[in-house]
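To start, the structure itself, in structure tokens.
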Amino acid sequence: MKQRSAKFGIGDVVRHKFFPFRGVIFDVDPEFANSEEWWNAIPAEVRPHKDQPFYHLLAENSETEYVAYVSEQNLEQDQSQEPLRNPQIQQIFEPQQTGRYKPKMNFAH
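First residue of the sequence shown: 1283, per the numbering used here; consecutive thereafter.
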């Protein structure tokens, strides 16, 4: 088995490189761990490799809040320092400090 190291961690605020959304990471899979149906719904020409970390985000765009599942290659650190508005954040994380959210003790692994 190949050793993998995730670029981002739980509580990091990230943004998608190509689509207009950002969010906070609340879980990490060392490689793709979603359904084949989900995978096949991505157009082949933009489909990321499965053998990289995938992140679960409490995400938002200008219109709504939702949960997103995104490959590492499509994420970058969000430098805006603006707080996120997703209402689920307060259930999992302490208030934001310095661009990062700290998991509440009852949600920490």
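The beta carbon of each residue, even a glycine, is placed where N, CA and C say it ideally should be.
By the Cβ rule, the stretch 1318-1329 does not count as touching the stretch 1371-1384, because fewer than three pairs are nearer than 8 Å. Secondary structure of Ala1341 (DSSP, three-state): strand. When only Cα atoms are considered, Glu1345 and Phe1300 end up about 17 Å apart. In this structure, the beta-carbon distance from Asn1343 to Phe1303 falls below 8 Å.
With a cutoff of 8 Å on beta-carbon distance, Phe1336 and Val1352 are scored as near each other. As DSSP reads the structure, Pro1385 sits in a beta bridge with Phe1375. Considered as a whole, the stretch 1300-1336 harbours 1304-1311 as its complete beta strand (DSSP E) runs of no fewer than 3 residues, in chain order.
Looking from the CA of His1338, the closest CA among Phe1290, Ile1324, Glu1376 belongs to Phe1290.
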